[in-house]
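**Student:**
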Amino acid sequence: MGTTFAKIELLIVFQKVIFKQSNNNMLTSSEIRQKFLQFFESKQHAIVASAPMVVKNDPTLMFINSGMAPFKDLFLGNQPIKNARIADTQKCLRVSGKHNDLEEVGIDTYHHTLFEMLGNWSFGSNDNNSKGYFKNEAIAWAWELLTEVYQLNKSDLYVTVFEGDQKEQLEFDKESFELWKKYLPEEKILRGNKKDNFWEMGDQGPCGPCTEIHIDLRTATEKQQTPGASMVNSGHPQVIEVWNLVFMQYNRKADGSLVLLPAKHVDTGMGFERLCMALQGKQSNYDTDVFQPIIQQLSLRSGIAYTNGVGQGSGTMTNVAMRVIADHIRAIACAIADGQLPSNNKAGYVIRRILRRAVRYGYTYLNFKSPVLNTLVPILAEQFKQVFPEVKQQQDFIVKVITEEEQAFLRTLETGIKRFEDYKEQLISGAFAFELYDTFGFPIDLTQLMAREQGKEVDMDAFNNCLLQQKERSRAASAVETQDWVILKEAASNFIGYDQLHCSTQLLRYRTVSAKGKKLFQLILEATPFYAESGGQVGDKGTLQFGSDIIQVIDTQKENNLIIHVVEELPLALDVACHAQVDVLRRKRICANHSATHLLHSALKQVLGSHVNQKGSLVNDEHTRFDFSHFTKVTDEECEKIEAMVNDKIWENISLQELRAVPIAEAQAMGATALFGEKYGDLVRVIIFDKAYSIELCGGTHVNATGSIGMFKITSEGAVAAGVRRIVATTGVGALNYYKEKERELDKIYSLLKQPKDAEARLELMLVEQQQLTDKLEAFTIEKVHQIKSQLQAKVRKVKGLNLIAESIDISHPEAIKNLSFELRQQIDNLVLLLGNAVDGKAQLSLMLSDNLVAEKKLNATVIIKELAKDIQGGGGGQPFYATAGGKKPEGISMALNKIETLL
Ligand code: SER
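First residue of the sequence shown: 347, per our numbering; consecutive thereafter.
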């Protein structure tokens, strides 16, 4: 691996030099990114790292889909604002939900699954000292950066501003219009409608008018022929939006109405790959140095040149395929690095589909019949080294996961293609095309192409119908209707559950949520001891008492940092004091399982090696389920060692050392095991059980000293995905119950064996005796079959020039009958062998034909047996030369044996 790294590193440096030379020393993509961040740093913005793309703890979002998503809690006012000005480059993925570009990717030259969004933010507050800004500065700085720092041609730039919307009673954004007039002639300031110039992050939540900056990258002749202003927002691949400046000033409520936000914010997002295209003088994002290293590798591997092209469907399908792969590998590698493995549901399924789309394009158009995506990971890791180091840090693991996924899907693809070839109808039914799409990952355009090659057609209406039905089904399954919050008191909400399990508090707000025909209520308390599900630990249960009214909390969840208590009924009086009480026993068991998970994590690293990293976990009151990177099975001996190590740590009774609100960098310097999921600004909690043994960043709840975990027992070990193993373990009472269950099983065995002194010896003896009996029975059967075979040989009759044997026999084992039939077929030419037998009131028939009777005389055992099966009131099937039937009328066997002659 070492030399491969060195080679790739060298290759990339080399490519950069060539790129610079052949592009008149234009800025490289890293320089472009750097200049953006430096510019906003000079405007007093704090520069922060990209948040992980995979979203944990927000049920409304699977992946970060825009630069502002990691800051949602700040926009919603759920978190205090620590820094009014922030800038970053954020990994975004737009492949599900409201923003979904997947089907366009690769077909055109400017949409992507994963893209970087460069952004600057101002988080407003009502405080006069805040360093927040609004339209004036946002517009001035955008113009300064584009035209002075990047030196884009002013004459190529156009902007759009919100024209207003009568229905929503929203006014024309005159303020932005006037501000732009300082920089651009009026005819270049276009008015856009709500669809293009009013940005909303979801169906509900903060939103506002936006002003977009577009660039015209067409040739001088084209510009002369058609003025750029008429091309803005027309879908032209070279007249594109580069930057969106959103001015958040409203909150969209559940009923669709808009109310003003208490403070105004700025949210800008610039498409990094498009900016690179503009600055590097390219016509397609894929011609920039962001994608070229990967495309060149694909070209090398396929032996097919990539011909630069632009726009919808540009170039041939080989170009499309290279773009699809070059794009998708970035999304796949980053998702895995951020902790989302391909799988069969939810976010994991989204990643699996992206991967399959890439494999399928490679297979069909670039003739990649074995894994290739995995070879691209080192190139990406090198490219991202500075900005997203997590890819390089986990390179081996990512390669392993991708390789296994590719291998598995290539096998599926082969099966799907075989299924397609076996499909005989001229019109390919919608249901079949849908099966290929859904089960085998064939996009419909591929099925259509394969159909055309065979002069067939796909029933597209029916296919679309199937697709629609599936969408409806999943919509119905996941449809959640969330009402607006009913606010009883404006106040911050406090979590006190690390120190207390009950408290007296007050209800701040509540809302109604309906899903799958069930109505639930979500409550926010001013202070709460309830732990909300996060970091793999389940949410607390317990009670809320309002006066004499006791309400059960069935779950506690977190959404944008609000702790939500889920209840089935509202209290009768909402404005009385509330006593919140966590289910103490359940919480204690959860704590024991969670602390044991930390002890397990360290034991795994010590026993298996430092490559072990947490890949997921679920901690509840019954067990802990821990997923970690490791490439082979954990052997029984290793499991025993791990178990023993954890139990030793439990019995050492190590006290918990807990540090709250530690800056991430400081925690890492202490040697804390960093998990994915932390983002800028998070002050982390550090959990230490003996600083020489276990230091972890963790928001969960823990025991005060390891002794109260009691005991630790691994109950299973297995694989969950490529390179990921899963250990399930239990502690305390759970472990005791596990042993009790084993004891019960053992007692049962002793009692079945009639309480022997030495059960093990007794069982061994029984097994030996059983084997002896089986051997005897087998010898006896062979002898019997041998006798029957001789008898049958003597019963051959000539019928219509064929050798017919049609007899009842006294063997019931299907395998024995089949072997006997094959042996007779070897010995007798032109054989038609029909055997019947009755077992336990049921009838069986088997029919064997010589090959030449099938090939030349066109006899078919399956067809004949189906006819004969009627006599025994049953059904049958098989192959043309050997078929069997079963039925419920043994008396019919002789009828069938007689009838065969008439069917030949
Ligand atoms: N939120 C806006 C967008 O995604 C600007 O960042 O386009």
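C-beta atoms are modelled at their ideal positions from N, C-alpha and C, and glycine is treated no differently.
Could you tell me the alpha carbon to alpha carbon distance between L916 and N811, rounded to whole angstroms?
**Tutor:** The residue given as residue 916 occupies position 570 in the sequence shown. The residue given as residue 811 occupies position 465 in the sequence shown. In a straight line, the C-alpha of L916 is about 42 Å away from that of N811.
**Student:** Over the uninterrupted alpha helix (DSSP H) stretch that includes L1113, give me the two end residues.
**Tutor:** Looking up residue 1113 in the sequence shown gives position 767. Where L1113 is concerned, the enclosing alpha helix (DSSP H) stretches over A1105 to Q1139.
**Student:** Using 6 Å as the cut-off, classify the Cβ of G1053 as near or not near the heavy atoms of ligand 1, replying yes or no.
**Tutor:** Taking the sequence shown and counting its residues from 1, one reaches residue 1053 at position 707. False, no ligand heavy atom lies under 6 Å from that Cβ.
**Student:** For Q658, count the other beta carbons within 10 Å of its own beta carbon; 16 or more makes it buried, fewer makes it exposed. Which is it?
**Tutor:** Sequence index remark: in the sequence shown, residue 658 carries index 312 (1-based). Any reading at Q658 needs caution, since the residue's pLDDT is 48, under 50, leaving its predicted position unreliable; the model's value is listed next. Per the 10 Å Cβ criterion, exposed.
**Student:** How about I1210 and A1189: are their beta carbons less than 7 Å apart?
**Tutor:** Taking the sequence shown and counting its residues from 1, one reaches residue 1210 at position 864. Taking the sequence shown and counting its residues from 1, one reaches residue 1189 at position 843. Cβ atoms of I1210 and A1189: not closer than 7 Å.
**Student:** Roughly how many angstroms separate the alpha carbons of Y346 and I1055, rounded to a whole number?
**Tutor:** The chain is shown from 347 up to 1250; residue 346 falls before or after that span and cannot be answered.
**Student:** Under the rule that 16 or more other beta-carbon atoms within 10 Å means buried, what is I427, buried or exposed?
**Tutor:** On the sequence shown, position 81 is the one that residue 427 refers to. By the neighbour-count rule (16 or more Cβ atoms within 10 Å), I427 is buried.
**Student:** Taking 6 Å as the cut-off, is the CB of D519 close to at least one heavy atom of ligand 1?
**Tutor:** What you label residue 519 is simply residue 173 of the sequence shown in a count that begins at 1. Result no, Cβ not under 6 Å from ligand 1.
**Student:** Take every Cβ of the region 1001-1017, pair it with every Cβ of the region 1030-1039, and state whether three or more of those distances are shorter than 8 Å.
**Tutor:** Taking 8 Å as the limit for Cβ pairs, the verdict is that the region 1030-1039 does touch the region 1001-1017.
**Student:** What does the Cβ neighbour count give for N1321, buried or exposed, with the cut at 16 atoms within 10 Å?
**Tutor:** Outside the shown range of the chain, which is 347 to 1250, sits residue 1321, and nothing can be said about it.
**Student:** What do you get for V1185, buried or exposed, if any count of 16 or more other CB atoms within 10 angstroms of its CB means buried?
**Tutor:** For the purposes of this step, residue 1185 is taken as residue 839 along the sequence shown, with counting starting at 1. Exposed, by the Cβ-count rule.
**Student:** Within the same chain, show all residues whose beta-carbon is closer than 7 Å to that of K692, passing over the 5 residues directly before and after it, in chain order.
**Tutor:** Within the sequence shown, residue 692 is the residue found at index 346, counting from 1. Result list for K692: M408, in chain order.
**Student:** Decide if S501 is buried, meaning its Cβ has at least 16 other Cβ atoms within 10 Å, or exposed.
**Tutor:** Numbered from 1 along the sequence shown, position 155 holds the residue referred to as residue 501. Label assigned to S501: exposed.
**Student:** Which residue or residues does DSSP assign as beta-bridge partners of S860?
**Tutor:** Walking along the sequence shown from the start, residue 860 turns up at place 514. Per DSSP, E827 and K865.
**Student:** W1252: beta carbon under 6 Å from a heavy atom of ligand 1?
**Tutor:** What is shown of the chain runs 347 to 1250, which leaves residue 1252 out entirely.
**Student:** For N466, does the three-state DSSP call read helix, strand or coil?
**Tutor:** The residue labelled residue 466 in the question sits at position 120 within the sequence shown. N466 falls in the strand class under three-state DSSP.
**Student:** Is the closest heavy atom of ligand 1 to the C-beta of V505 under 6 Å?
**Tutor:** As a first step, residue 505 is located in the sequence shown; it is residue number 159 there, counting from the start. No, ligand 1 has no heavy atom inside 6 Å of this Cβ.
**Student:** Can you tell which of E879, A600 and E983 has the C-alpha that lies nearest to the C-alpha of G548?
**Tutor:** Numbered from its first residue, the sequence shown carries residue 548 at position 202. It is A600 whose Cα lies nearest to the Cα of G548.
**Student:** For a quick check, are the C-beta atoms of K738 and K731 less than 7 Å apart?
**Tutor:** Translated into the one-based positions of the sequence shown, residue 738 becomes position 392. Translated into the one-based positions of the sequence shown, residue 731 becomes position 385. Yes. Within cutoff.
**Student:** Could you tell me if the beta carbon of N590 falls within a distance shorter than 6 Å of some heavy atom in ligand 3?
**Tutor:** As for ligand 3, it is missing from this structure, which binds only ligand 1.
**Student:** Pull up the DSSP beta-bridge partners for W545, would you.
**Tutor:** As a first step, residue 545 is located in the sequence shown; it is residue number 199 there, counting from the start. Partner(s): G554.
**Student:** In chain order, what residues of the same chain have a beta carbon less than 6 Å from the beta carbon of S1001, not counting five sequence neighbours either side?
**Tutor:** As a position in the sequence shown, residue 1001 is number 655, starting the count at 1. Once the five neighbours on either side are set aside, the close Cβ partners of S1001 are A1051.
**Student:** Which residues in the same chain as G478 place their Cβ atom closer than 7 Å to its Cβ, once the five residues preceding and following it in sequence are excluded?
**Tutor:** If you number the sequence shown from 1, residue 478 lands on position 132. Cβ neighbours of G478 beyond the five flanking positions: A430, S468, F469, G470 and S471.
**Student:** For a test of your reading of the model: does the CB of M414 fall under 6 Å from any non-hydrogen atom of ligand 1? Yes or no.
**Tutor:** The sequence position of residue 414 within the sequence shown is 68, counting from 1. Result yes, Cβ under 6 Å from ligand 1.
**Student:** From Y711 to T374, what does the alpha carbon distance come to, in whole angstroms?
**Tutor:** For the purposes of this step, residue 711 is taken as residue 365 along the sequence shown, with counting starting at 1. For the purposes of this step, residue 374 is taken as residue 28 along the sequence shown, with counting starting at 1. Cα to Cα, Y711 sits roughly 30 Å from T374.
**Student:** Quick test of your reading: G452 and R647, contact by CB under 8 Å. State the CB separation rounded to the nearest angstrom.
**Tutor:** For this step, residue 452 is matched to residue 106 along the sequence shown. For this step, residue 647 is matched to residue 301 along the sequence shown. 17 Å between Cβ atoms; not a contact.
**Student:** Please report the distance separating the alpha-carbon of L516 from that of G627.
**Tutor:** As a position in the sequence shown, residue 516 is number 170, starting the count at 1. As a position in the sequence shown, residue 627 is number 281, starting the count at 1. Spanning the two alpha carbons is a distance of roughly 39 Å.
**Student:** Within this structure, are the beta carbons of N906 and N424 separated by less than 7 Å?
**Tutor:** As a working note, residue 906 is residue 560 in the sequence shown. As a working note, residue 424 is residue 78 in the sequence shown. Cβ atoms of N906 and N424: closer than 7 Å.
**Student:** Comparing alpha-carbon positions, which option in M663, G708 and D519 lies nearest T557?
**Tutor:** In the sequence shown, the residue the question calls residue 557 occupies position 211. Among M663, G708 and D519, the Cα nearest to that of T557 is on D519.
**Student:** Leaving out five residues on either side along the sequence, give the residues of the same chain with a beta carbon under 8 Å from the beta carbon of L920.
**Tutor:** For this step, residue 920 is matched to residue 574 along the sequence shown. So the list reads L834, L853, Y856 and F892, once near-sequence residues are dropped.
**Student:** Just the Cα atoms here: how many angstroms apart are D562 and G554?
**Tutor:** Position 216 of the sequence shown holds residue 562. Position 208 of the sequence shown holds residue 554. Taking the straight line joining both Cα atoms gives about 26 Å.
**Student:** Excluding the 5 residues preceding and the 5 following A1067 in the sequence, name in chain order all residues of the same chain whose CB lies nearer than 6 Å to its CB.
**Tutor:** Taking the first residue of the sequence shown as position 1, residue 1067 is located at position 721. Closer than 6 Å at the Cβ level, and outside the excluded window around A1067, lie L687.
**Student:** Which one or two residues does DSSP pair with T653 in a beta bridge?
**Tutor:** Taking the sequence shown and counting its residues from 1, one reaches residue 653 at position 307. Paired residue(s): none; T653 is not in a bridge.
**Student:** What ranges does the alpha helix (DSSP H) occupy inside the region 1068-1106, keeping only unbroken runs of at least 4 residues that lie completely in it?
**Tutor:** The region 1068-1106 contains these whole alpha helix (DSSP H) runs: 1078-1098.
**Student:** I1060 by DSSP, collapsed to three states: which one?
**Tutor:** The sequence position of residue 1060 within the sequence shown is 714, counting from 1. Note: I1060 maps to strand in three-state DSSP.
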